[in-house]
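The block underneath contains the structure these notes are about, expressed in structure tokens.
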Amino acid sequence: MLLGRESELDELERLVAGVRAGQSRALVLRGEAGVGKTALLAHLTAAAEGCRIARAAGVESEMELPFAGLHALCAPMLGRLAHLPEPQRDALNTAFGLSAGPPPDRFMVGLAVLSLLADSAEEQPLLCIVDDAQWLDRVSAQTLAFVARRLLAERVGLVFALRETGDAHVLEGLPELVIDGLAAHERRINERRTARGKFRDENVLVLWSEVVGARRRREVRRVRRTGDVDGTESIDGNVRQDLVRRAHSPAENRRRDQGCPCR
Ligand SMILES: Nc1ncnc2c1ncn2[C@@H]1O[C@H](COP(=O)(O)OP(=O)(O)OP(=O)(O)O)[C@@H](O)[C@H]1O
Ligand SMILES: [Mg+2]
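See the structure below:
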């Protein structure tokens, strides 16, 4: 189970809801190594019910291979190439080595990827999840940034995880969510406690109760949705007892059987 991250998870859930409702969204999760970007992407995947998911991840050893990242992302959609205008289809076919020819025009490749994603999203909302974007080959990263900037109302979400390296990256300029270290956040709060565990100042108390309160609300929603009370130990005694009782009550079982999402 993820600790904290309530606001980040809320933002990702809002993104999915927007895509499901017919909007396009792009978001870069940016943060240092090990801060929890991949873990957040895993939660995004789990929250993306009803969306088709396309994935890719940058691979350090493939950084010099043009189009490698795009190929990974688009491979499951290549059956749709026939729906693209001919120049776009030709550009992707050459980029992906499906036909011979001189290196394709990059603008045409960008348009082709945009068309391909939009075509797929006509059938079902599409969420593209790209991990380790710092290791994408340059032309794939440029193309995806181009696509992200041109998405309008295609029901396509593009979410990247980008490790903070200190260098500029072509994805900069897209909407981003900076992922801070949790430890640093909680340490700052804990430093404000007295030796007896009390909070020294009212603002920190409010902040802490927000963190705990949001965590508890999320757990309550999850238990109500799934009936699974494992992993709820962090919830205070009374609330947990109430949850367990309700999770096992005939009315709750009936509600879940009828598929009420109750989120
Ligand atoms: N909020 C969290 N609560 C509990 N464990 C977490 C949380 N965030 C991350 N972790 C754990 O910390 C470890 C590192 O997280 P993760 O792999 O997601 O980092 P990352 O930002 O993707 O790092 P990298 O830049 O190396 O890819 C993993 O074992 C993950 O399960
Ligand atoms: Mg990662």
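Numbered by the numbering used here, the letters in the sequence shown go through residues 22 to 284 in order.
For each residue, glycine too, the CB sits at the ideal point set by N, CA and C.
Next on the checklist: Taking the straight line between their C-alpha atoms, what separation do you get for L62 and L33?
Outcome noted: Cα-Cα distance, rounded: 9 angstroms.
Item to check | The beta strand (DSSP E) enclosing V56, as first and last residue numbers | outcome: Here V56 belongs to no beta strand (DSSP E), and DSSP marks it neither H nor E.
Checklist entry - With distances taken from each beta carbon to the nearest heavy atom of ligand 1, which residues come in below 5 angstroms, in chain order? => result L23, L24, R26, A54, G55, V56, G57, K58, T59, A60, R184
Checklist entry - Identify the residues that DSSP records as bridge partners of C72: which are they? => result DSSP, once it has assigned bridges, lists no residue as partnering C72.
Checklist entry - Under the rule that 16 or more other beta-carbon atoms within 10 Å means buried, what is E143, buried or exposed? => result exposed
Checklist entry - On the three-state DSSP scale, how would you describe D140? => result helix
Item to check | P282 (DSSP reduced to helix, strand or coil) | outcome: Residue confidence is low: P282 scores 47 on pLDDT, short of 50, so the model does not pin down where it sits. Its coordinate-derived value is still stated next. In the structure shown, P282 adopts coil according to DSSP, grouped into three states.
Item to check | Coil, strand or helix - E27 by DSSP | outcome: In the three-state reduction of the DSSP assignment, E27 falls in the helix class.
Checklist entry - Do A133 and ligand 3 come close, with the Cβ less than 7 angstroms from some heavy atom? => result Of the ligands one can find in the structure shown, namely ligand 1 and ligand 2, none is ligand 3.
Checklist entry - Given 8 angstroms as the limit, is there contact between the stretch 98 to 109 and the stretch 128 to 138, that is, 3 or more CB pairs closer than that? => result yes
Checklist entry - So, using beta-carbon positions, are F167 and G131 closer together than 8 angstroms? => result yes
Next on the checklist: Less than 8 angstroms between the beta carbons of R176 and P146, yes or no?
Outcome noted: yes
Checklist entry - How would you label H288, buried or exposed, when you count the other beta carbons within 10 angstroms and need 16 or more for buried? => result Outside the displayed range of the chain (22 to 284) lies residue 288, so it cannot be described from this structure.
Item to check | heavy atom of ligand 2 below 7 angstroms from D201 C-beta | outcome: no
Next on the checklist: Using 8 angstroms as the cut-off, can you tell me whether the stretch 49 to 64 makes contact with the stretch 87 to 106, which would need three or more C-beta pairs spanning the two stretches below that distance?
Outcome noted: Too few Cβ pairs lie closer than 8 angstroms, so no.
Item to check | heavy atom of ligand 2 below 7 angstroms from A154 C-beta | outcome: Annotation for A154 indicates a beta carbon at 7 angstroms or more from all heavy atoms of ligand 2.
Next on the checklist: On the DSSP bridge list, what partners appear for C149?
Outcome noted: A75, L179
Checklist entry - Are the stretch 28 to 43 and the stretch 113 to 131 in contact at 8 angstroms, needing three or more beta carbon pairs? => result no
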